[in-house]
Each structure stands twice: as C-alpha cells, then as structure tokens.
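J.:
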Amino acid sequence: MPIAGIQPQPPLPNIRLVPAGRVATKNIVGYYGQSGQRKKEIAILLNSFNIKATTFEQNVARTRLNIMLMQNISDYFSTLGTLKVERVKHSALCADGDSTQLIKHVPTEENVTLQSKWTHLIVGPYMSNTETLATIGASYLVAFQLQKEPITGNHANWYPLVTTQQNPANPEWIANRNDRRELPDGFCANRFCGISDSLKNRANALVRRLIKAQM
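Numbering (my numbering), first residue to last: 953 to 1167.
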C-alpha cells in the first residue's frame, strides 16, 4: 500500500533485450547492461516505433532492422554541430533495397583471438555485385550482422549470451545463424570479395570523415 502523501515510483519500462535469467556479452553492440531506470521519453519513443516488451517491428524479417528508429537517431545526430550526416530519402528507394547494402563480412585466418568482439575482427567483405569503392564503403560498417562465423571453431566472438553449464549455447540457433534472414533472391551470392581490413579501422575511418568541427 502506498504511504499517504508519498507518490509511488513509476514502474520500470519493460523493454526486454536479453531473455530472463541470461546475461548478455559485449557482442550485442552498445549494450552494457541496465544502468538505472530508463527515462520515460525513451520508452515512449521506442513504443512509437512499435518496439515494446513483446514486439519489435522490423523492416527485413529476422534482422531487427527498424528504419524509423534508425532515421530518428540519424536526425538527432544531424542536429549536432560536430558530425556531418548524409540524409537519405527512404521513400525514394526501392522496396527491396540494394544489394550493396548487404555486404557480408567473413573473418579471415588472421584472427586468432577467440574472444575478440566481432566489430574488431579482420574480415573480408563479400558482395553479390560490383560497385564503386565509395558505394561499397558506405555499406561496409553495417554488414557484420549478416554473416557470423566462428574463429578456429569457437562461436564466442559473435554469440550474444554468456554460456554456462546451466545456460548452454543453443546448438540449433547456432547452426542456422546465417539462414534466418528472409533476404531477396540473389542477395546472398558471394560473387565479389574486397580487400580484408579490421572493422575497427573502418569504423575509425568513417568517424574521421564525419567530423566537421572540433568540440
């Protein structure tokens, strides 16, 4: 029962990312655990994009890709004076997207550290068609989610949950890790391969190009 004169605290928004009883690894980009009660406006924003406790609206099946959320984040960064943001008019694009957006990153034999974050690996970019270097470069950093491969047979570099004897990895989920996405025909063909590089180096290069003013 609430004490007279004292307002009860609002309930914590239940927007679950990690299954109950499980612990996430740093392979989930940007997730470092719950740091405190989420601001109410964050829950309202996510709910407006139909991202709720039991639903996650996605534009490409089984990818958790929500274009409206990405556009909102992009719009926020465009208000800052530090970064240059290139605006894309999504309504002018075709419904299926373009195959250059589906560059797949496959780890090379240069990787030997099993616990390296996927975003720090040295990878070879594979694509279904050939484009200019500028076009390929614009798609380079979003590709690591499309292809997940083990290093020396160990999946710890991409698996998103901590595995223990009580919570082992799901072998069936690992086995079909690259086949769950419902992509248009032909988008998964590996017809061309670019020069391998570290994804960390690529991210740093992109940020340097986006900076237009020093704080």
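Glycine included, C-beta positions come from ideal geometry on N, C-alpha and C.
Whose C-alpha, out of T977, H1057 and R1132, is nearest the C-alpha of V1012?
T.: R1132
J.: Do the CB positions of N1024 and I1003 come within less than 8 Å of each other?
T.: no
J.: Within 8 Å (strictly less), CB to CB, does E993 reach chain C?
T.: The chain inventory of the structure shown lacks chain C, comprising one protein chain alone.
J.: Measuring CA to CA, which of L1035, E1124 and H1057 is closest to L1162?
T.: L1035
J.: Would you mind giving the Cβ-Cβ distance between N979 and Y1078, rounded to the nearest angstrom? I have them listed as a contact below 8 Å.
T.: Contact flag wrong, Cβ pair sits at about 21 Å.
J.: Consult DSSP for Y1078 and reduce its assignment to one of helix, strand or coil.
T.: strand
J.: When the distance is taken between beta carbons, is K1100 closer than 8 Å to N1128?
T.: no
J.: Give every residue of the same chain whose Cβ lies closer than 6 Å to the Cβ of L1021, excluding the five residues on either side of it in the sequence, and list them in chain order.
T.: F1001
J.: Compare the Cα-Cα distances from D1137 to each of E993, S1080, G973 and I1074 and report the closest residue.
T.: S1080
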